[in-house]
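For reference, the structure is listed below as C-alpha cells.
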Amino acid sequence: MSVPYQWDIVLSMLLFSIGAVGVLVRRNILVMFMCIELMLNAANLAFVSFARHLNDVAGQAIVFFVLVVAAAEVVVGLGIVVAMFRRRRGATADDFHLMKG
Amino acid sequence: MVPGALFHFSWLKIPANRIDFLTFVFSAAIVLVGAVNVVRQRNPVLAALSLVMTLFGVAVLFVEQQANFLAAVQIIVYAGAIVVLFLFVIMFLGVDREESISEEPLRGQRFWAYLLMALTFVGLLLAGLGSRFGSGVPSVAGTLNDNPAHPRSATPDVVVLGKSVFTTYLFAFEITSALLVIAVVGAVVLARRPGAGPLAEEDDDEVEVEVETAEPEEVST
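So the protein lines, in turn, are chains A and B. For my numbering, count along the first sequence from 1 and bump the result up by 3. For my numbering, count along the second sequence from 1 and bump the result up by 1.
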C-alpha cells in the first residue's frame, strides 16, 4: 500500500495555492496561463487520490476529461494572446487594460 | 464538526513501506520546487520548463496511486503538447525576455496575493479536516479495484477506465470531441491576421503553422 491519501490531498492544496498566487502576482499572460495549469493539476491530483481512496473509477474518468478541457482552453487562450499581441505589441496584463480601442 | 478522515491525525505517521514514502517525498519536492519556480522565474521560457518539472512530478504521483494510464496521458498531453504550445507562442511572439517581477503596478498587490494564498490554504485544510469523504454508496461508474487486498494484481486501470468512459460517460465523451472541434475552429479564427481575406487565399501566413501544430496534439488525447 502506498502513502496515506491525505498526504496527496495536502500536497494538492499547496499546489493549488501556489498556482492561485501566481495568477494574482504575475503580469505576463503566458505565465498566468501556466499557473492556471498548476491549479488544474492540483485538482487532478486530488481526483486521483480520492479515486484510489474510495475505490471508484469516476475520479479517474473526470481527470481524463479535465485533461481534454485544459488542452482546449490553452489553444483558445493562446490564440487570444496572439491576436492581442498583434494589436498591442505586448503580452502583459497591463497592455490589455482597455476592452475597446 | 464531523470527525472526518483528515481529523484524526493518524495519517501523519511515516508509513512502513519506505519505498513508497521516499517516492512520495521526492516527487512532492519536485512538484513544489517546480511550482514555486513557475511563479518566481522571471524568464517565461524557464517558467515553462519548470512547469514541465511539476507535471513530471504529478505523473510520478499518478503512477504511485495506480493511475498508470493517466500518468502516460499526463506526460504526452501536458509535457508533450501543452508546454510545447506554450514555448511555441513564447518564441513566436518574442516575449522571452526577462520581466521584472518585483515591480508593483497596483500598490500592495503582492501582499494581498500572499495573504489570500495563505487564507486559501488554511481554508482548504479546514474544509478537509471537517469533511468525511465517502458515503459508502457505490457510484454508477464502477470500482477501480475489485481486489483491494492485492492492489497491484488487479484489473489494469486502463481497462476499467476505458469501460467507464465508453459506457457511463459516453455522452460526456462525445461532448468533449465537439468541444475540441470548436476550440480548433476558434483558434484558427483568432489567430488569423485581422483584415485578411478568406483562408484559402492566404498563401504565406505563418500564423497558420501554429494552429496546425495545435491540432494533432488534441487528437491524441
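Cβ atoms here follow ideal geometry from the backbone N, Cα and C, with glycine treated the same way. Values in this document were obtained by computation on a predicted structure and should not be read as measured data.
Between Gly-131 of chain B and Ser-165 of chain B, the gap from beta carbon to beta carbon reaches 8 Å or more.
Taking all protein chains in view, the Cβ of Leu-13 of chain B is surrounded by fewer than 16 other Cβ atoms within 10 Å, so the residue is classified as exposed. Annotation for Phe-112 of chain B: no residue places its beta carbon closer than 6 Å to its own, counting only its chain and skipping 5 residues before and after.
Annotation: Val-51 of chain A to Asn-31 of chain A spans about 31 Å, alpha carbon to alpha carbon. Within the same chain, and ignoring the five residues on either side of Val-26 of chain A in sequence, the residues whose Cβ sits closer than 7 Å to its Cβ are Met-35, Cys-38, Ile-39.
Contact of Ile-83 of chain A with chain B is assigned, a C-beta pair being separated by under 8 Å.
With a 10 Å radius around the Cβ and a threshold of 16 neighbouring Cβ atoms, Thr-55 of chain B comes out buried. Assignment of Thr-121 of chain B by DSSP, reduced to helix, strand and coil, places it in the helix class. For the pair of segments examined, the segment 82-90 of chain B was found not to touch the segment 33-44 of chain B: the number of CB pairs separated by less than 8 Å stays below three. Per DSSP, the continuous alpha helix (DSSP H) segment holding Lys-164 of chain B begins and ends at 158-168. In the structure shown, Thr-24 of chain B adopts helical secondary structure according to DSSP, grouped into three states. Proximity of Thr-121 of chain B to chain A, defined by a Cβ-Cβ separation below 8 Å, is satisfied. If you draw a straight line from the Cα of Ile-76 of chain B to the Cα of Gly-109 of chain B, it is about 38 Å long. Chain B has a Cβ within less than 8 Å of the Cβ of Phe-68 of chain A. Secondary-structure assignment with DSSP links Thr-55 of chain B through no beta bridge to anything.
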